[in-house]
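Novice: Chains as they are written, first to last, in the working numbering: chain U, 553 to 794; chain G, 1151 to 1433.
Even glycine gets a Cβ: it sits at the ideal position worked out from N, Cα and C.
1) With respect to the beta strand (DSSP E) encompassing residue 615/U, which residues constitute its N-terminal and C-terminal limits?
2) Taking only the alpha-carbon atoms, compute the straight-line gap between residue 1297/G and residue 1339/G and give it to the nearest angstrom.
3) Verify the CB distance criterion: does residue 732/U have a CB-CB separation below 8 Å to chain G?
4) I need the DSSP call for residue 1220/G, collapsed to helix, strand or coil.
5) Taking the alpha-carbon positions, what's the residue 751/U to residue 586/U distance?
6) Do residue 749/U and residue 588/U have their CB atoms nearer than 8 Å?
7) Using a Cβ-Cβ distance under 8 Å, would residue 1180/G count as near chain U?
8) With a 10 Å radius around its C-beta and 16 neighbouring C-beta atoms as the bar for buried, classify residue 1192/G as buried or exposed.
9) Can you tell which of 1417/G, 1215/G, 1201/G has its C-alpha closest to the C-alpha of residue 1290/G?
10) When the distance is taken between beta carbons, is residue 573/U closer than 8 Å to residue 727/U?
11) Is residue 1157/G buried or exposed, if buried means 16 or more other CB atoms sit within 10 Å of its CB?
12) Find the nearest neighbour of residue 1212/G within the set 1325/G, 1326/G, 1422/G, 1198/G, judged by alpha-carbon distance.
13) Tell me whether residue 788/U sits in a helix, a strand or coil according to DSSP, three-state version.
14) Using a Cβ-Cβ cutoff of less than 8 Å, which residues in the same chain neighbour residue 1361/G once the five nearest sequence positions on both sides are dropped?
15) Show which residues of chain G have a CB atom less than 7 Å away from the CB atom of residue 636/U.
16) With H, G and I counted as helix, E and B as strand and the rest as coil, what does DSSP make of residue 1170/G?
17) Of all the options 558/U, 665/U, 744/U, 769/U, which has the alpha carbon lying nearest to the alpha carbon of residue 623/U?
18) DSSP on residue 1324/G, reduced to helix/strand/coil?
19) Scan the segment 1372-1388 of chain G for residues whose Cβ lies nearer than 8 Å to a Cβ of chain U and list them as they occur along the chain.
20) Assuming residue 1239/G is part of the alpha helix (DSSP H), what are its boundary residues?
21) Under 8 Å, Cβ to Cβ, is there at least one residue of chain U near residue 1274/G?
22) Return the first residue and the last residue of the alpha helix (DSSP H) that residue 1435/G is part of.
23) Could you spell out where the beta strand (DSSP E) holding residue 570/U opens and where it closes?
24) Is there at least one Cβ from chain U nearer than 8 Å to residue 1365/G's Cβ?
25) So, for residue 1388/G: in the same chain, excluding its five sequence neighbours on each side, which residues have a beta-carbon less than 6 Å away from its beta-carbon?
26) Please name the residue, chosen from 593/U, 716/U, 571/U, 779/U, that lies closest to residue 607/U on a Cα-to-Cα basis.
27) Any beta carbon of chain U sitting closer than 8 Å to that of residue 1309/G?
28) Any beta carbon of chain U sitting closer than 8 Å to that of residue 1230/G?
29) Any beta carbon of chain U sitting closer than 8 Å to that of residue 1419/G?
30) Is the distance from the Cβ of residue 674/U to the Cβ of residue 701/U below 8 Å?
31) Determine, using beta carbons only, whether residue 605/U comes closer than 8 Å to chain G.
32) Using the DSSP secondary-structure output, state which residues sit across from residue 635/U in a beta bridge.
33) Mind checking if residue 654/U is an interface residue toward chain G, Cβ cutoff 8 Å exclusive?
34) According to DSSP, is residue 686/U helix, strand or coil?
35) Leaving out the 5 sequence neighbours to the left and right, which residues in its chain are closer than 6 Å to residue 783/U when beta-carbon positions are compared?
36) Bridge partners of residue 559/U, per DSSP?
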């Protein structure tokens, strides 16, 4: 089967410093993967480099067997919440509808169909009642749910989510984890950069452990082993001490 | 009906300038690029002077072309410096802004001393003189202003996405670099539109202040854009009125005083009103 996402020899640097070194990864369609690793391991960088948002030093990335630039309409990227200015003058529905902009194409404005779709996706995350609220009035968890709804509006086959559970309330976390399982049930491929090692085992079926290099990749029970984790988390620290 | 042609030119000029700079300024403010507008405006001065020196003409189109070219060069300098060094954007802009403006003032003073060339009223471009607007200039302002308004209306959804979340825009396949160039190009056009009326020194206030005054009252980008256009044209008209009636007051500073009042009034009123709202309704 063609992988949903296939990464070969990916290397990314910030200046002289390597951020990702020679990464090879395949993600099967319908898999639900957590990307874990210490701070500065290159987790967010991996998503950005895959999407071509950062320059690669080397490497190729294929989505569904095609070059990534030709597959962007099948991919939804959810950036970290902090990536945008939440004081922007707009409301929840408007942000969710942004997920439909690319399919609309140049010049065309969103209409009734896009509005209905956005409301439906907001409802899936339990925030349809907030649709007319200014985004400056949202809690962190609500902001995150707006971003997830925007990704659903895109109607993609592959989700790349950057820390969607960082600093959110319990309800949002449950809603989001529920959503990931539903998406997996629909055959979607979901890749989540994740910081909380506790929940990885309960929700995800695969895990990728990064620390600039690829440390481990496989079923959750193999990767989330103390001995393996120590290699990524403490191995990195030892190098710093030396 | 006969209206004094100076008054007509000034009223039209200020309406066009106020709306266009309010609209483009909204995007500049939301993208935190107020200083970019200031840099482009100051960099326009040497372009105006050099265009006059080369052509010997002060036809509005030629001077505007000069302003656009030097503004564009400054913008390229700015972005290549930001790409190749680790300097803070504010620092780079300060250098580009002051050195291009210095060049403009130096050339202007040199022209003023040379006995052969008439100064042709180029010093008006420093602080603006709405009373000197002629019909030709207003016509050019109108055409450029219309281009800005039409393009913003057509690309409103694209510019909204670019301003709110450029990284997401890129991840969905929008050509973000092209959209950014178009928006910056339009910002440059809006600056050029205001050069005779407000002048290069204070043009950035014309971009930034209306948007800042409109922001606290806006619930949507459309609302903020229209609000800024109204604030910009109202203050433009008031300032031009003062400059026409009180001798020797240049238009730019007069407009900017009204803009300052508008910003303070907007923020104070908003604060007052918010204090009276229940907590859950406060934006």
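Specialist: Taking the definition as stated:
1) According to the DSSP assignment, residue 615/U belongs to the beta strand (DSSP E) that extends over 610-615.
2) Just so you know, the alpha carbons of residue 1297/G and residue 1339/G end up roughly 9 Å apart.
3) The beta-carbon of residue 732/U is placed no less than 8 Å from the nearest beta-carbon of chain G.
4) Note: residue 1220/G maps to helix in three-state DSSP.
5) For residue 751/U and residue 586/U, the distance between alpha carbons rounds to 10 Å.
6) In contact: residue 749/U and residue 588/U (Cβ atoms closer than 8 Å).
7) At a cut-off of 8 Å between C-beta atoms, residue 1180/G counts as an interface residue with respect to chain U.
8) Buried, by the Cβ-count rule.
9) The residue with the shortest Cα to Cα distance from residue 1290/G is 1215/G.
10) Not closer than 8 Å, so no.
11) Label assigned to residue 1157/G: exposed.
12) Considering only alpha carbons, the answer is 1198/G.
13) Low local confidence applies: a pLDDT of 48 at residue 788/U is under 50, so the model's placement there is unreliable, with the coordinate-based value given in what follows. Residue 788/U: helix per DSSP, three-state reduction.
14) Within the same chain, 1172, 1175, 1176, 1178, 1179, 1180, 1374, 1378 come within 8 Å of residue 1361/G by CB-CB distance, once the 5 residues on both sides are set aside.
15) Within chain G, the residues 1314, 1315 have their CB atoms less than 7 Å from the CB of residue 636/U, given in chain order.
16) Here residue 1170/G sits in helix by DSSP.
17) Per the Cα distances, 558/U.
18) Residue 1324/G: coil per DSSP, three-state reduction.
19) The segment 1372-1388 of chain G vs chain U, Cβ under 8 Å: 1373, 1374.
20) For residue 1239/G, the enclosing alpha helix (DSSP H) stretches over residues 1239-1263.
21) Not one chain U Cβ lies under 8 Å of residue 1274/G.
22) The shown model of chain G, from 1151 to 1433, leaves out residue 1435/G, and the question about it has no answer.
23) Here the beta strand (DSSP E) through residue 570/U covers 569-579.
24) Yes - at least one Cβ of chain U is within 8 Å of the one on residue 1365/G.
25) Listed in chain order, the non-local C-beta contacts of residue 1388/G below 6 Å within the same chain comprise 1408, local neighbours out to five positions each way being set aside.
26) Taking only the C-alpha atoms, the option nearest residue 607/U is 571/U.
27) Residue 1309/G does not count as touching chain U.
28) By this cut-off, residue 1230/G is not an interface position.
29) Taking Cβ atoms only, chain U never reaches closer than 8 Å to residue 1419/G, which makes this a no.
30) In contact: residue 674/U and residue 701/U (Cβ atoms closer than 8 Å).
31) It does; some Cβ of chain G falls within 8 Å.
32) Note: residue 635/U is not bridge-paired with any residue in the DSSP secondary-structure output.
33) Look at residue 654/U: its C-beta is under 8 Å from a C-beta on chain G.
34) Note: residue 686/U maps to strand in three-state DSSP.
35) Contacts found: 767.
36) DSSP lists 577/U, 613/U as the bridge partner or partners of residue 559/U.
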